[in-house]
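Student:
Numbering (UniProt numbering), first residue to last: 1 to 288.
1) Within the continuous beta strand (DSSP E) that includes residue 92, where are the two ends?
2) Looking at C-alpha atoms only, which residue of 75, 67 and 57 is the closest neighbour of residue 220?
3) Whole angstroms is fine: what's the gap from residue 80's alpha carbon to residue 98's?
4) Ignore the nearest five residues each way along the sequence and tell me which others in residue 121's own chain have a CB closer than 7 Å to its CB.
5) Please classify residue 140: is it buried, with 16 or more other beta-carbons within 10 angstroms of its beta-carbon, or exposed?
6) Counting C-beta neighbours from all protein chains within 10 Å, is the total for residue 198 16 or more, i.e. buried, or is it exposed?
7) Less than 8 Å separating the beta-carbons of residue 104 and residue 66?
8) Report yes if the C-beta distance between residue 31 and residue 217 is below 8 Å; otherwise report no.
9) Can you give me the Cβ contacts of residue 253 inside the same chain, cut-off strictly under 6 Å, excluding the 5 residues immediately before and after it?
10) Of all the options 55, 25 and 168, which has the alpha carbon lying nearest to the alpha carbon of residue 115?
11) How is residue 284 classed by DSSP in three states: helix, strand or coil?
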C-alpha cells in the first residue's frame, strides 16, 4: 500500500496531536510587552475575551485601562485612546470594550484580574442604553462572554466566596452559559464545589490558541486612521476649546447638540428611536 497520498493527512494529524500534548507554558511567552503595546487599541477577541494580554496589562504600570462598549471603537479624535496619548498623560490608554460589552461582561472581564487590581487606577464608561428591561441580552452574552475569563475569575484567591457565588447565580440566568452544573454547585454550596469551571485540558488548549492568535493577529485598530485634533503637547484647556469648536461645527442642524449625521437618521426614522418603553429604572444592569 502506498502511503504517499496519505502523508499530508498523517503529518497534519501528528502535528495536531503534538499541539494538544504540548504544555500551555510553551506558548504564553508569545505574549509580551510588545504584544500589549500593539493591542492597546485593537479591540480584538484576543484582548476582550482572552486572559494572556490582560494578565500582562495588569503586570505593567505603563497603561491606563478604560472599560466601556461601542464608544471605544468610535473613530473620533477625542476617543480616550487618542485624547490621552501624550497630552500630559503619564500612561497610555488601553481600551477594553466593544458593542455589547455591558456591565456583566465588563464585570467578569475585570474580575478575572481581581488579584492584580490593588493600587491600580482605571475607568468605566457606563452607557445609559444598557439599562433596558432585560439588561444584557442572550445574544450579546453568547458573543462577548469568555469561558477562560470566567474560569480565571473563580481562581482568584483574594476574591470573596460570596462575590463568586453571586457571579455564579447571575451567570446561570443565561441559557447558553457553559458548565451549568459547576455554576449550580457553586451557587448552592461553594465549599463543596470541586474541579474547575473548565477542565485543565481545555484551558490549556484555549490558552495556546489565544497565544498563537495574539502573535499573528491581522486585524487593524479601528482608530488606526484617526488623527489627533490638537498637537501632542496641547494643554487640556486647548483640547477642550478645540472640542467645542468641532462640536459646534458638527451640530448645526438641531438645538440638542446632536451630531448632524445622527440627527438626520433620527429625522428619517422617528418611530424607531422612540424607545422609552425599553428602559427601566429596575434594569438588571444596576445589579450587574
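For glycine and all other residues, C-beta sits at the position ideal for the given N, C-alpha and C.
Tutor: Reading off the structure:
1) Numbered from 1 along the chain shown, position 92 holds the residue referred to as residue 92. Note, residue 92: beta strand (DSSP E), 92-96.
2) In the chain shown, the residue the question calls residue 220 occupies position 220. It is 75 whose Cα lies nearest to the Cα of residue 220.
3) As a position in the chain shown, residue 80 is number 80, starting the count at 1. As a position in the chain shown, residue 98 is number 98, starting the count at 1. If you take the alpha carbons of residue 80 and residue 98, they lie about 14 Å apart.
4) Position 121 of the chain shown holds residue 121. These residues qualify, in order along the chain: 64.
5) As a first step, residue 140 is located in the chain shown; it is residue number 140 there, counting from the start. That one is buried.
6) The residue you call residue 198 lines up with position 198 of the chain shown. Its Cβ being crowded by 16 or more others within 10 Å, residue 198 is buried.
7) Taking the first residue of the chain shown as 1, we reach residue 104 at position 104. Taking the first residue of the chain shown as 1, we reach residue 66 at position 66. Cβ distance not < 8 Å, so residue 104 and residue 66 don't count as in contact.
8) Taking the chain shown and counting its residues from 1, one reaches residue 31 at position 31. Taking the chain shown and counting its residues from 1, one reaches residue 217 at position 217. Cβ atoms of residue 31 and residue 217: not closer than 8 Å.
9) Mapped onto the chain shown, residue 253 falls at position 253. The answer, listed in chain order, is 260 and 263.
10) Position 115 of the chain shown holds residue 115. For residue 115, the nearest C-alpha among the options comes from 55.
11) Here residue 284 refers to the residue found at position 284 when the chain shown is read from its first residue. DSSP places residue 284 in helix when its eight states are reduced to three.
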